[in-house]
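Residue numbering for the sequence shown follows the numbering used here, starting at 5 and increasing by one per position. A virtual CB, placed ideally from N, CA and C, is assigned to each residue, including glycine. Working notes, structure below.
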Amino acid sequence: MAETAGPESVGALSRGWAPHLARVGAAVRAAGPAPLVLIDGPSGSGKSTLAGLLTAGSAARPNRTEAVRLDDVYPGWGGLEAAGRMLARTLIGPLAAGRPGRVPLWDWAAGRPGAVRIVRPGGALVIEGCGAFAAGDGVPAVRVWIHAPDAARRREALARDGGAFDAHWDDWDRQWRRHLAVHGRGGAGVIRLRGLPGCRRPRPRDTVVP
Numbered sequence: 005m006a007e008t009a010g011p012e013s014v015g016a017l018s019r020g021w022a023p024h025l026a027r028v029g030a031a032v033r034a035a036g037p038a039p040l041v042l043i044d045g046p047s048g049s050g051k052s053t054l055a056g057l058l059t060a061g062s063a064a065r066p067n068r069t070e071a072v073r074l075d076d077v078y079p080g081w082g083g084l085e086a087a088g089r090m091l092a093r094t095l096i097g098p099l100a101a102g103r104p105g106r107v108p109l110w111d112w113a114a115g116r117p118g119a120v121r122i123v124r125p126g127g128a129l130v131i132e133g134c135g136a137f138a139a140g141d142g143v144p145a146v147r148v149w150i151h152a153p154d155a156a157r158r159r160e161a162l163a164r165d166g167g168a169f170d171a172h173w174d175d176w177d178r179q180w181r182r183h184l185a186v187h188g189r190g191g192a193g194v195i196r197l198r199g200l201p202g203c204r205r206p207r208p209r210d211t212v213v214p
């Protein structure tokens with residue numbers, strides 16, 4: 005069963021992340037009624053926490069708000085680069101044209117493609133994960149880059165999955181660095197934040213994600 009953050013834990017997280025939430029929230033509100041928000045950065049830096057707080061609060065809710073985690077889309081541990089390309093084709097492109105988009109989910113337990121999630125146009129959309137900028141390349145969006153020291157983010161990433169990430173960390177990190185060499189960290193206009201390792205939103209116990 006998935007863990008959820010109760011009101012007290014969400015409140016504590018919100019206080020810790022308040023400056024970041026205020027900055028990102030202002031940019032989201034200025035982007036119109038149906039903004040696209042892309043939250044990128046290395047594993048363990050705090051992307052999921054920020055995305056969760058944005059969608060739980062009012063900062064990113066000018067209309068209906070949906071969140072897509074790239075953790076749910078990567079086609080296996082070698083799929084960092086492929087996930088962005090898939091979402092650009094199946095989700096971002098159709099939504100930009102006013103059509104429903106599709107999110108091809110990955111079944112981590114079975115090691116194969118899973119269900120397909122449908123996202124309707126007209127609401128705010130938050131996409132977070134390593135490689136999120138690539139999914140929305142060339143599309144108007146609020147782009148947020150979260151960084152943290154390598155040692156701190158590694159501790160955070162490995163601690164959250166109870167050891168399931170340990171054997172994959174080095175390979176994933178190499179993929180990430182190759183991705184950075186090609187795509188970079190975004191250009192002008194990117195909101196750059198320092199993450200807060202150790203202050204994170206609870207995640208499902210049975211979810212193994214990079």
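Query, Result
"Straight-line gap, P37 to H183 (C-alpha atoms, nearest Å)", "31 Å"
"Nearest-angstrom beta carbon gap, W81 and W173 [assumed within contact, 8 Å]", "Wrong, their Cβ atoms sit about 10 Å apart, outside the cutoff."
"Cβ-based neighbour list, A136, same chain, cut-off 7 Å, excluding 5 preceding and 5 following", "L42, I43, D44 and L74"
"Nearest neighbour of V77, chosen from V186, A22, R196 and L95 [CA to CA]", "L95"
"Start-end ranges of the beta strand (DSSP E) lying completely within the region 115-193, minimum 3 residues", "116-123, 128-132 and 146-151"
"Which of helix, strand or coil DSSP assigns to R196", "strand"
"Status (buried if at least 16 other CB within 10 Å, exposed otherwise) for A152", "buried"
"Per-residue burial, P46 [other beta carbons within 10 Å of its own, 16 or more giving buried]", "buried"
"Pick from L162, R106, G166 and T69 that is closest to S49, judged by C-alpha positions", "L162"
"Chain-order list of residues whose beta-carbon lies under 8 Å from that of V143 (same chain, five-residue window excluded)", "L40, I96 and A100"
"Proximity below 8 Å, CB of H187 to CB of A145", "no"
"Contacts around L197, its chain only, beta-carbon distance under 6 Å, and the 5 residues preceding and following it disregarded", "H24 and I150"
"Distance CB(L129)-CB(R121) smaller than 8 Å", "no"
"For P216, three-class secondary structure by DSSP", "There is simply no residue 216 to check, as the chain begins at 5 and stops at 214 in what is shown."
"P37 - DSSP class collapsed to helix/strand/coil", "coil"
"Given V148 as reference, the closest of G191, R93 and P79 once Cα atoms are compared", "G191"
"A55: first and last residue of the uninterrupted alpha helix (DSSP H) it sits in", "K51 to A60"
"Rounded separation between R178 and G167 - CA only", "19 Å"
"Contact check, I131 vs V72, beta carbons under 8 Å", "yes"
"Top-ranked residue by Cα proximity to W112, from L91, A155 and G83", "G83"
"Through-space distance from D141 to R106, alpha-carbon basis", "17 Å"
"Unbroken beta strand (DSSP E) run spanning L109, endpoints", "G105 to D111"
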